[in-house]
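Enquirer: Quick one: structure below, then a few questions.
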Ligand code: GLU
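Residue numbers (the working numbering): 13 to 485.
So this is what it looks like as structure tokens:
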């Protein structure tokens, strides 16, 4: 852990106007890892001031996605809406200090938000009200509040931890609105007031926020605060190199959860989108915390690769315990756990997960295969039977059934030994019996080890299923 003079405090500040985007989760993750690495504090601030687009449903969904990913605020969540009085009080203070002023001009658009940055050059506010005296009574009239740009502002400069110095010429700014005509504070103002209040030391967020940062730097100075350090993360790109969209792959964390990705796999995948540590691909949480620094974040956007995510999920499924997989299925969809345990009971469920997780990519596939196994095949693929049977198949199957009836030991090794003995007696290769057995037990010829499966299904069910195939052999 690095020694730091000021305790690191970072935040993730999503707006609950949609489900959590994977780009959002990556920002949250980088903030969280940065805090953990530095021995600092990670905070969550919900920016819920857009009353039209923010919904309780989206808020709950975002909180649930973050909790699923294990990225949880170290202090109580700050809701921006609950701080509006403070935003307004700070605006009043700026007015008292003549760093902001009421503007009574006709609105330049619906909410007075237009400034040179949004509208392009040549549309700057003409400063009509900038130096006009006003009374308390005037403030009863409709007005917005504008920030008074410092006189002769040549440039605004800030140092980005990833990109270096970013300089914006003074001519690019105008006296931008901080409080709209309807009394609501604008995004850039709330963010700065809240980041000061929360004592944020580093702002790590997507590069789409770079255009906001110079205005925020001006506001920090006006509010008498030192700006925090900034790091703007490169975009996540689609295959064609433009910003990733629904056309490329699912974009919300919820979708990845519902498709059956393990949170640890998604996290491991996302961390490598824009950050690297040599050419290491797979990290434990501890390794991530010990190796995560902003120096490892590149400037270039990274292309989202759904195949790599699937590959990683497969790796995680193989790596973790069956108990963890069952728990992950529960946090994906508790109903699936109920169905699995109703079909198999918990112990057999764990045993089946152990077998199936070796060969599946998503939790949903895993659940579907284990549930499918609970129902004996109703029909068999005759072409498959034709491919694997020969004239000795009926005898092999019935001899193996007899051996099975006689044994009390359903371990893999014993069942394999019995099957080998049956095949040897007929001078037949094991594969002919094994494939017929597999087909009878699962209805397919792709499954985990057939003797493991038979052991879990049990003697009675195994014999019943083997019997079901006999007439077709
Ligand atoms: N609420 C903003 C967003 O969702 C983030 C603000 C920030 O990180 O400064 O894009």
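A virtual CB, placed ideally from N, CA and C, is assigned to each residue, including glycine.
Would the beta-carbon of residue 283 fall within 7 Å of that of residue 322?
Expert: no
Enquirer: Within the continuous alpha helix (DSSP H) that includes residue 297, where are the two ends?
Expert: 297-303
Enquirer: Exposed or buried, what is residue 132 when buried is set at 16 or more other beta-carbons lying within 10 Å of its beta-carbon?
Expert: Unreliable positioning characterises residue 132 in this predicted model, as indicated by a pLDDT of 48, which lies under 50. The coordinate reading is nonetheless provided below. The residue is exposed, with fewer than 16 neighbouring Cβ atoms inside 10 Å.
Enquirer: Which of helix, strand or coil does DSSP assign to residue 436?
Expert: helix
Enquirer: Distance, Cα to Cα, residue 1 vs residue 153?
Expert: No statement about residue 1 is possible, as the shown extent of the chain runs from 13 to 485 and does not include it.
Enquirer: Just to confirm, are residue 204 and residue 231 a CB contact at a threshold of 7 Å?
Expert: yes
Enquirer: Are the region 447-462 and the region 380-398 touching by the rule of at least three beta carbon pairs closer than 8 Å?
Expert: yes
Enquirer: Consult DSSP for residue 122 and reduce its assignment to one of helix, strand or coil.
Expert: Note that residue 122 scores a pLDDT of 47, beneath 50, so its modelled location is shaky and nothing firm can be said.
Enquirer: Starting from residue 42, follow the alpha helix (DSSP H) in both directions and report where the run begins and ends.
Expert: 34-50
Enquirer: Quick check: the Cα distance between residue 379 and residue 351, rounded to an integer number of angstroms?
Expert: 9 Å
Enquirer: Could you tell me whether any non-hydrogen atom of the ligand GLU is closer than 6 Å to the CB of residue 25?
Expert: Yes, the Cβ of residue 25 comes within 6 Å of a heavy atom of the ligand GLU.
Enquirer: From residue 172 to residue 364, what does the alpha carbon distance come to, in whole angstroms?
Expert: CA-CA distance, residue 172 to residue 364, rounds to 51 Å.
Enquirer: Rounded to a whole number of angstroms, what is the C-alpha to C-alpha distance between residue 395 and residue 377?
Expert: 25 Å
Enquirer: For a quick check, are the C-beta atoms of residue 53 and residue 86 less than 7 Å apart?
Expert: yes
Enquirer: Rounded to whole angstroms, what's the CA-CA distance from residue 151 to residue 107? Just pull it up for me.
Expert: 12 Å
Enquirer: Is it buried or exposed for residue 234, if we count other Cβ within 10 angstroms and need 16 for buried?
Expert: buried
Enquirer: Buried or exposed: where does residue 144 fall if 16 or more other Cβ atoms within 10 Å of its Cβ makes it buried?
Expert: exposed
Enquirer: Would residue 275 and residue 80 be called neighbours here (beta carbons separated by less than 7 Å)?
Expert: yes
Enquirer: Please return the same chain residues whose Cβ sits closer than 7 Å to the Cβ of residue 206, not counting the five positions on each side in sequence.
Expert: 57, 90, 92, 95
Enquirer: Let me know the secondary structure DSSP gives residue 13 once reduced to three states.
Expert: Caution applies to residue 13, whose pLDDT of 39 falls short of 50 and renders its modelled position unreliable; the value that the coordinates give is listed next. DSSP places residue 13 in coil when its eight states are reduced to three.
Enquirer: Residue 480 by DSSP, collapsed to three states: which one?
Expert: helix
Enquirer: Measuring alpha carbon to alpha carbon, tell me which residue in 137, 469, 21 is nearest residue 359.
Expert: Cα-wise, what sits closest to residue 359 is 469.
Enquirer: Take residue 249 and list the residues in its own chain whose beta-carbon comes closer than 6 Å to its own, dropping the five residues that flank it on each side.
Expert: 256, 313, 315
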